[in-house]
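Q: Structure provided below as structure tokens; questions to follow.
Chains as they are written, first to last, in my numbering: chain W, 1079 to 1724; chain Z, 1079 to 1724.
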């Protein structure tokens, strides 16, 4: 009977059976247990394991290739594109290596820094390309060490284009990608997942197709985990290649590289570089419409969709790799039509999780950086441990300084002229600042007819969740309670709720109402009188730029304001209001007035002086209503304050 | 205006104002912040600070003195008395040092071990007495080191009675209590809080009252933190003494020692030992009633109450120290009549907190030991860290073995004969075991007319909270679901709720329904089929004595089953169902069948074989209903199981 019931159980995939008779053997498993409850196991898995798991589950997936841009502004745009295209659920992205562009440097346009940003700031599983020819062993080891330090876990090992015609093999040098694969395995053991390139038509420089296949096998046997192919134009090209690979013993995943044709010129350039031939049937379509970009792109999308369908239908292909050329429209269109673009509304946590391995246990953050998560990641990048479960136990409370407000991934996406249109070419008083805040909340155009789509504290339009509070927010901003962060109270909504839900299914999520704003000292005086009436219910922190700080937080303890209860898990409390880190946030929040807003205007101009006055004299206030099951009392607090002032 | 609002604020005791302009100075406070939210600050404070705080708040308090008992059985009873009298809220208890009784040894009746039990297992702030005369420096240092290791933080430094008449001062020896005070401060710096004895009538061996006061001052100046006095019979004796102390510069707290007269003989003996004289007015009352114990005790209570009232009313006395003589009734009566016996229904956590400094951050435990907290403390005593905030991060998962089931503080309070009456002199089959469980639940007498007031897994009658589930529990126990632990689901009751509340006021507490029971393999087979229907809702662990283990816990993660949300705090989740520690608990739970029950019967007797059969063949099952806002489905699960069996 014992065995029978055990069998019943171990057959079910969700159950765990263990026949060991000693509890000691169980205890030893304790170290491996996952203490951070997440939506899926992705965060802890290696890329090759994710691939295997997706294949086993029969899930089709895609990945996206980007190249590093030339200018800092283009880099800012590319990072936004990462965020947008990341929403579709790529299994990974990869960033190419541009030997001419100082790819391993700290420049904001280097391959290394773009990949770093993708991993750490956009939370994307990322492969960094790396080429080896014409480089010393030390250079390469240095690049790999840096990549590891930055949290990169996957390398695409390539030979790269030899410089000049007279290239000759160097003895003991890096002559082929296989040398780089061996080097990575020698120096870094199994740390990196390694990808190598496959050529469905054979490498243009290979003696033969067969010889090239043997080279590919060499790369795999040297330690590569999977293969991404060069682009091709006909599905049968890939399917034959894959069978040929398997025939000579290559068993790792082979991912077809898909190139949606997006324009006549980009096609011609790519074909030239890759020494591929465009099939006649494609030329026949394209040549007549070569000056009609839209027509070519439509055709490219059609062609890609039909090729991808054929590949997926073959049963041999589980994932598709897209050469995006850093463009969004065509690839997204193809993915959506294939039905593998999946904007998963389920979030493991209310905020986006970083993909750096050091941060994988992180599951609690202060609410203050909710709209500036990249700044939070930047300012905590030197931490060795991340708070897990409880913020108050954190041993790393020191926030890095944010001196360079033009750090490229923190830069506003909008240029100065646009910001001036939104926030006012000329301010006439504090009231004109109130108006900007109000227009941002309402979405209505300002007096000059421009919509305010971002603020110094928030580079994006109002969050869906904040929309729930829109009417009240509008009312208070008009009167000088300049809100920069807020959340409604939530008393046990399902974790699958499309707006406020997060975490594993079958759970319940909760929030305490939160309101954060700048306001004048006059209003603060009245507010403090009103808050006495709410002493047991409302926690507050009120601070000015000089650090004068008024709070009723007991013992400087953090206050959990978002939490979730899930089946079979510990409680998760991903967001806290923490009195200690609030003082670091205060510095940043006040500085943004000057760095992002005041500096739009001439020195000594009245507009600049108005912002400077607010910066110097206003208070930053946060309020938490602890009584989450009751109706949010914070609006009443503000109402009472205005009444007291009248 | 800034200063004004600050002023407004710093004047309020509950608010915190800080004029510092740098956030750095704030960050440095981070280390001092309390990460474990508790009901009061007591857990983190030194005894002398607690005293000061209570005095400042105008709270009157009391403390209780006990002596180590002579036998192990008496020790078991004394420990229960600690638990009961601890409920009244003493600021501390103290345990006297019996030089003749090997007071520093590991014997269960030694002063050291009794004090250790009070601190670690009863969670009481405790002072250990220590005498110094006729002891070597090494002996004393050894005792102090041991006390520190066991978590004791307070010492009452005494001279002790010199052995024999011919006692002479030793050069460099410990001749007086002051030598011991100096030694503690030399060797242990400020680690211990030190108490010394004061003699309101002067020490009987002192040259004079004045000389004795000067000795007392010496002890205080050498580093004593407070004074407890010898007993006295008239309030004016104490008040004069206190004024005389203050007049010569003694400013530390002086706590009057109160001796409620409890009987003629004990009074005579004490008077003889302490060389005190009983005032004539007391003798006049007592002599005529000396053979009437009740009358003497009533008089003693009256006398003590009136003396205590006078002391408290003087405004000079904030705490009262009671010489209990290890008895409960008289002291409790005095305390209740004075109104300072305070059974505080508010609990910082759902389980009693240990007073060992190592455990002060502990705020999460597995639910399994809920009825055997002393066993849990024993089995985790070697841990260096205690889980705080989240169980899954615990780095100390190894539970100590519980081999000695007769460890005195884990012993049943009931003798064998009584247990046999409750659990059956003779068992006739599994059904007679079901009956015992059922009688324990219902509180009805068993077939022989005896109430079942304890079980091997639970030494106390059913908890109030479990009473809520009584009807359902009765039903399932009758049919062989032998419950040993359970809790109802709770969806956000106020933290002040008299039955299920705990934690700081203004919060909300929650529970997931939990049920733990032994049952036959036949029922387990049916149960597992039923559980498939509840796969997403109910987590289960099913294990037999051999360790065959069936569970659907995801990744061996703990499941939080009790948690609380409080104003200005992080979430607390004091109770978890942890799959890893369940296997340690399983060993203990199964062993209790044999150690506590089977061994009541002769070897090879049918009764013993029945228990042995259950031990060998039954499963231990726990079930959690994750859907805490809905009606508890666990009864339905059990119902469905019985239906399937029919």
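Glycine residues also receive a C-beta, built at the ideal position from the N, C-alpha and C atoms.
#1: Within 8 Å, do at least three Cβ pairs link the stretch 1480-1500 of chain W to the stretch 1229-1236 of chain W?
#2: Quick one: residues in its chain with C-beta nearer than 6 Å to the C-beta of residue 1640 of chain Z, no 5 flanking neighbours on either side, listed in chain order?
#3: Can you tell me the Cα-Cα spacing of residue 1196 of chain W and residue 1171 of chain W, whole angstroms?
#4: At the level of alpha carbons, what is the spacing between residue 1601 of chain Z and residue 1555 of chain Z?
#5: List, in chain order, every chain W residue whose beta-carbon is nearer than 8 Å to that of residue 1648 of chain Z.
#6: State the CB to CB distance for the pair residue 1667 of chain W and residue 1535 of chain W, rounded to an integer number of angstroms; the pair is presumed to be in contact (CB under 8 Å).
#7: Okay, do the stretch 1412-1430 of chain Z and the stretch 1578-1594 of chain Z touch, 3+ Cβ pairs below 8 Å being the bar?
#8: Output, in chain order, the set of chain Z residues within a Cβ distance shorter than 9 Å of residue 1584 of chain W.
#9: When the Cα atoms are used, what is the spatial distance from residue 1355 of chain Z to residue 1347 of chain Z?
#10: Over what stretch of residues does the beta strand (DSSP E) that includes residue 1520 of chain W continue unbroken?
#11: Any C-beta of chain W within less than 7 Å: which residues of the stretch 1568-1581 of chain Z qualify?
#12: Apart from the five residues on each side of it in sequence, which residues of its chain come closer than 6 Å, Cβ to Cβ, to residue 1315 of chain W?
#13: Do residue 1713 of chain Z and residue 1459 of chain Z have their C-beta atoms closer together than 9 Å?
#14: Could you name the residues of chain Z that residue 1641 of chain W contacts, counting a contact when the two beta carbons are closer than 8 Å?
#15: Is the separation between the beta-carbon of residue 1143 of chain W and that of residue 1399 of chain W shorter than 9 Å?
#16: Which ranges does the alpha helix (DSSP H) cover as unbroken runs of at least 4 residues, wholly within the stretch 1523-1600 of chain W, from first to last along the chain?
#17: Are the Cβ atoms of residue 1345 of chain W and residue 1401 of chain W separated by less than 9 Å?
#18: Does the stretch 1250-1268 of chain W come close enough to the stretch 1213-1220 of chain W to have 3 or more Cβ pairs within less than 8 Å?
#19: Please report the distance separating the alpha-carbon of residue 1283 of chain W from that of residue 1339 of chain W.
#20: Determine, using beta carbons only, whether residue 1078 of chain W and residue 1494 of chain W come nearer to each other than 9 Å.
#21: For residue 1341 of chain Z and residue 1413 of chain Z, I'd like the C-alpha separation in whole angstroms.
#22: What does DSSP give as the partner residues of residue 1234 of chain W in its beta bridges?
#23: Using the three-state DSSP reduction, which class does residue 1704 of chain W fall into: helix, strand or coil?
#24: Judging by CA-CA distance, which residue of Z:1313, Z:1330, Z:1552 and Z:1571 is the nearest neighbour of residue 1706 of chain Z?
#25: Spatial neighbours of residue 1611 of chain W within its chain, please: CB distance less than 8 Å, with the 5 preceding and 5 following residues excluded, ordered by chain position.
#26: For a quick check, are the C-beta atoms of residue 1724 of chain W and residue 1655 of chain W less than 9 Å apart?
#27: List the residues that DSSP assigns as beta-bridge partners of residue 1140 of chain W.
#28: Whose C-alpha, out of Z:1227, Z:1239 and Z:1287, is nearest the C-alpha of residue 1270 of chain Z?
#29: On the DSSP bridge list, what partners appear for residue 1219 of chain W?
#30: Of all the options Z:1163, Z:1259, Z:1193 and Z:1167, which has the alpha carbon lying nearest to the alpha carbon of residue 1209 of chain Z?
#31: Below 8 Å on the Cβ atoms is my contact criterion, and I expect residue 1567 of chain W with residue 1703 of chain W to pass it. Report the Cβ-Cβ distance as a whole number of Å.
#32: Could you have a look at residue 1653 of chain W and say whether DSSP puts it in helix, strand or coil?
#33: If we ignore side chains and look at the alpha-carbon of each, how far apart do residue 1273 of chain Z and residue 1334 of chain Z end up?
#34: Can you tell me the Cα-Cα spacing of residue 1659 of chain Z and residue 1622 of chain Z, whole angstroms?
#35: Taking residue 1200 of chain Z as the reference, give the member of Z:1698, Z:1236 and Z:1163 with the closest Cα.
A: On the basis of the supplied data:
#1: no
#2: Your numbering for residue 1640 of chain Z matches position 562 in the second chain. Closer than 6 Å at the Cβ level, and outside the excluded window around residue 1640 of chain Z, lie 1428, 1589, 1652 and 1653.
#3: Taking the first chain and counting its residues from 1, the one referred to as residue 1196 of chain W is at position 118. Taking the first chain and counting its residues from 1, the one referred to as residue 1171 of chain W is at position 93. Using only the alpha carbons, I get a separation of about 8 Å.
#4: The residue given as residue 1601 of chain Z occupies position 523 in the second chain. The residue given as residue 1555 of chain Z occupies position 477 in the second chain. Roughly 13 Å separates the two Cα atoms.
#5: Start at 1 with the first residue of the second chain, and residue 1648 of chain Z comes out as number 570. The contacting residues are 1468, 1469, 1470, 1635, 1636, 1637, 1638, 1651 and 1654.
#6: Counting from 1 along the first chain, the entry for residue 1667 of chain W is found at position 589. Counting from 1 along the first chain, the entry for residue 1535 of chain W is found at position 457. Confirmed, Cβ separation roughly 6 Å.
#7: yes
#8: Taking the first residue of the first chain as 1, we reach residue 1584 of chain W at position 506. Correct list: 1614, 1615, 1704 and 1705.
#9: Here residue 1355 of chain Z refers to the residue found at position 277 of the second chain. Here residue 1347 of chain Z refers to the residue found at position 269 of the second chain. One C-alpha to the other measures close to 12 Å.
#10: The residue you call residue 1520 of chain W lines up with position 442 of the first chain. Where residue 1520 of chain W is concerned, there is no enclosing beta strand (DSSP E), although the alpha helix (DSSP H) it sits in stretches over 1508-1520.
#11: 1570
#12: As a first step, residue 1315 of chain W must be located in the first chain, where it is residue number 237. Excluding positions up to five away in sequence, the list reads 1278.
#13: Taking the first residue of the second chain as 1, we reach residue 1713 of chain Z at position 635. Taking the first residue of the second chain as 1, we reach residue 1459 of chain Z at position 381. Not closer than 9 Å, so no.
#14: Position 563 of the first chain holds residue 1641 of chain W. Going along chain Z in sequence order, the residues near residue 1641 of chain W (Cβ under 8 Å) are 1643 and 1649.
#15: Position 65 of the first chain, counting from 1, holds the residue named residue 1143 of chain W. Position 321 of the first chain, counting from 1, holds the residue named residue 1399 of chain W. Against a cut-off of 9 Å, the Cβ pair of residue 1399 of chain W and residue 1143 of chain W comes out as a contact.
#16: 1542-1545 and 1548-1556
#17: Here residue 1345 of chain W refers to the residue found at position 267 when the first chain is read from its first residue. Here residue 1401 of chain W refers to the residue found at position 323 when the first chain is read from its first residue. Cβ distance not < 9 Å, so residue 1345 of chain W and residue 1401 of chain W don't count as in contact.
#18: yes
#19: Locating residue 1283 of chain W in the first chain gives position 205, counting from the first residue. Locating residue 1339 of chain W in the first chain gives position 261, counting from the first residue. Using only the alpha carbons, I get a separation of about 25 Å.
#20: This structure gives no information on residue 1078 of chain W, because the portion of chain W shown stretches from 1079 to 1724.
#21: By 1-based counting over the second chain, the position of residue 1341 of chain Z is 263. By 1-based counting over the second chain, the position of residue 1413 of chain Z is 335. C-alpha separation (whole angstroms): 18 Å.
#22: By one-based count along the first chain, residue 1234 of chain W stands at place 156. Its beta-bridge partners are W:1207 and W:1273.
#23: Your numbering for residue 1704 of chain W matches position 626 in the first chain. Residue 1704 of chain W: coil per DSSP, three-state reduction.
#24: Position 628 of the second chain, counted from the first residue, corresponds to residue 1706 of chain Z. Of Z:1313, Z:1330, Z:1552 and Z:1571, the residue nearest in Cα terms is Z:1571.
#25: Translated into the one-based positions of the first chain, residue 1611 of chain W becomes position 533. Answer for residue 1611 of chain W: 1718, listed in chain order.
#26: For the purposes of this step, residue 1724 of chain W is identified with residue 646 of the first chain, where counting begins at 1. For the purposes of this step, residue 1655 of chain W is identified with residue 577 of the first chain, where counting begins at 1. Going by C-beta atoms, residue 1724 of chain W is not nearer than 9 Å to residue 1655 of chain W.
#27: Looking up residue 1140 of chain W in the first chain gives position 62. W:1398.
#28: Position 192 of the second chain, counted from the first residue, corresponds to residue 1270 of chain Z. Taking only the C-alpha atoms, the option nearest residue 1270 of chain Z is Z:1227.
#29: Start at 1 with the first residue of the first chain, and residue 1219 of chain W comes out as number 141. None; residue 1219 of chain W has no bridge partner.
#30: Stepping through the second chain from its first residue, residue 1209 of chain Z is reached at position 131. If we check each option's Cα against that of residue 1209 of chain Z, Z:1259 comes out closest.
#31: Taking the first chain and counting its residues from 1, the one referred to as residue 1567 of chain W is at position 489. Taking the first chain and counting its residues from 1, the one referred to as residue 1703 of chain W is at position 625. Residue 1567 of chain W to residue 1703 of chain W, Cβ: 6 Å. Contact.
#32: For the purposes of this step, residue 1653 of chain W is taken as residue 575 along the first chain, with counting starting at 1. Strand at residue 1653 of chain W.
#33: Position 195 of the second chain, counted from the first residue, corresponds to residue 1273 of chain Z. Position 256 of the second chain, counted from the first residue, corresponds to residue 1334 of chain Z. When rounded, the distance between both Cα atoms is 13 Å.
#34: As a position in the second chain, residue 1659 of chain Z is number 581, starting the count at 1. As a position in the second chain, residue 1622 of chain Z is number 544, starting the count at 1. Roughly 15 Å between the two C-alpha positions.
#35: Position 122 of the second chain holds residue 1200 of chain Z. Checked all of Z:1698, Z:1236 and Z:1163; the closest Cα to residue 1200 of chain Z is Z:1163.
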